[in-house]
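If you read the sequences in order, they're chains A and B. Taking this note's numbering, the leading residue of the first sequence gets 4, the next gets one more, and so forth. Taking this note's numbering, the leading residue of the second sequence gets 4, the next gets one more, and so forth. Note that the Cβ used here is the ideal one computed from N, Cα and C, for glycine as well. Keep in mind the model is a prediction, meaning the values are calculated, not measured. First up is the structure itself, then whatever we jot down about it.
Number of protein chains: 2
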Amino acid sequence: NIPMNILKSKIAWTDFKLNSDGMIPVIVQDYKTDEVLMLAYMNEEAFQKTLSCGKMTYWSRSRNELWTKGDTSGHVQYVKELLLDCDNDTILAKVSQVGVACHTGNKTCFFQEIMKKEGQTANPLKVFEEVYKVI
Amino acid sequence: NIPMNILKSKIAWTDFKLNSDGMIPVIVQDYKTDEVLMLAYMNEEAFQKTLSCGKMTYWSRSRNELWTKGDTSGHVQYVKELLLDCDNDTILAKVSQVGVACHTGNKTCFFQEIMKKEGQTANPLKVFEEVYKVI
Numbered sequence: 004n005i006p007m008n009i010l011k012s013k014i015a016w017t018d019f020k021l022n023s024d025g026m027i028p029v030i031v032q033d034y035k036t037d038e039v040l041m042l043a044y045m046n047e048e049a050f051q052k053t054l055s056c057g058k059m060t061y062w063s064r065s066r067n068e069l070w071t072k073g074d075t076s077g078h079v080q081y082v083k084e085l086l087l088d089c090d091n092d093t094i095l096a097k098v099s100q101v102g103v104a105c106h107t108g109n110k111t112c113f114f115q116e117i118m119k120k121e122g123q124t125a126n127p128l129k130v131f132e133e134v135y136k137v138i
Numbered sequence: 004n005i006p007m008n009i010l011k012s013k014i015a016w017t018d019f020k021l022n023s024d025g026m027i028p029v030i031v032q033d034y035k036t037d038e039v040l041m042l043a044y045m046n047e048e049a050f051q052k053t054l055s056c057g058k059m060t061y062w063s064r065s066r067n068e069l070w071t072k073g074d075t076s077g078h079v080q081y082v083k084e085l086l087l088d089c090d091n092d093t094i095l096a097k098v099s100q101v102g103v104a105c106h107t108g109n110k111t112c113f114f115q116e117i118m119k120k121e122g123q124t125a126n127p128l129k130v131f132e133e134v135y136k137v138i
């Protein structure tokens, strides 16, 4: 009954600073494209399950239950890297996303535009910087 | 006294779903590098101030005050784009970061490693995909 491929955390759950609901928010980012996919929340059980099964597991605040993403949709998020912020109250998860992250069918949950400044799409410097970074 | 360059929101504050503290979490991402910089929180005043001054403004939960990032440090975050997620309870802000985002001097607040899977840094496919994307 000992899981063979359990992932080891360098930081204990008790070192996390929880929000007023007793959870820690998790920013989920595609490890290949760097796209931000969603924000979800973990309690201790969700954190430990994520480490033991290698698939992102959250606490669903709407359904009030543990939720290993992809269990019903197949849209699993395999954990690649977990990072903690400077004041220990937010996790950044880099994941390998199977299919799409959003239940609407969008790749990312962030598809509603609130506001966008003009003229930032055409940025030749950005292209050069990115090519340079890759080479 | 009319601000000439006020940014217009396509979505009203009242359409946001607030957390139990009456705020909305904001994921802050560098619009050029796609690096996730920090997570902060906005109340309505912070949201409106962000739009009116063009600089990311949050509600500081520790100091209990409105906080236009960079006012004391100079590390301003100019807002480029604001996106809302599918269930209206999280904002993704793409920003132009002056200097560094973290008070520790790190570029991003996410510099503490919780866990990292082996073998994901050397990914030749990723390099090709990125070069292709840029070209």
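- Checking the DSSP bridge columns, you'll see A/Asp88 partnered with B/Phe113.
- The alpha helix (DSSP H) runs of length 4 or more contained entirely in the segment 28–91 of chain A are, from start to end of the chain, 47–56.
- If the five residues before and after A/Phe19 are omitted, its C-beta is found closer than 6 angstroms to the C-beta atoms of Ile27, Asn91, all from its own chain and listed in chain order.
- Rounded to the nearest whole angstrom, the C-alpha separation of A/Lys58 and A/Leu42 is 15 angstroms.
- Chain B places a beta carbon closer than 8 angstroms to that of A/Leu54, counting this residue as a contact.
- Any Cβ of chain B closer than 8 angstroms to the Cβ of A/Gln32 would place that residue at the interface, and such an atom is present.
- With respect to the 8 angstroms criterion, A/Tyr61 and A/Trp70 are classified as neighbours on the basis of their beta carbons.
- Spatial neighbours of B/Ala49 in its own chain (CB-CB distance under 7 angstroms, excluding positions within 5 residues in sequence) are listed in chain order as Thr60, Tyr61, Trp62, Leu69.
- The beta carbon of B/Asn109 sits closer than 7 angstroms to the beta carbons of Val103 from its chain, once the five residues preceding and following it are set aside; these are given in chain order.
- DSSP places A/Ala15 outside any beta strand (DSSP E), giving it a letter other than H or E.
- Counting only residues of its own chain and dropping the five nearest sequence neighbours on each side, A/Arg64 has a CB closer than 7 angstroms to the CB of Tyr44.
- Inclusion of A/Ala96 and A/Val39 in the CB contact set at 8 angstroms is not warranted, their separation being larger than that value.
- Residues are counted here when their Cβ sits less than 9 angstroms from a Cβ of chain B; for the segment 56–74 of chain A these are Gly57, Ser65, given in chain order.
- Under the three-state reduction of DSSP, A/Val98 is assigned to strand.
- At a cut-off of 8 angstroms between C-beta atoms, B/Ser12 counts as an interface residue with respect to chain A.
- For A/Leu21, not one C-beta of chain B is nearer than 8 angstroms to its own C-beta.
- For a Cβ distance threshold of 9 angstroms, nothing in chain A lies close to B/Met26: the least Cβ distance comes to about 10 angstroms.
- Contact between A/Val29 and A/Ile117 does not hold, since the beta-carbon distance rounds to 22 angstroms and is not under 8 angstroms.
- Close partners of B/Ile94 in chain A (Cβ separation under 8 angstroms): Ile117.
- Residue contact check for B/Val134 against chain A: a CB pair falls below 8 angstroms.
- Comparing C-alpha distances from B/Glu133 to each of A/Val137, A/Asn22, A/Val130 shows the shortest one belongs to A/Val137.
- Residue burial is scored here from C-beta neighbours: A/Phe131 has fewer than 16 other C-beta atoms within 10 angstroms and is therefore classed as exposed.
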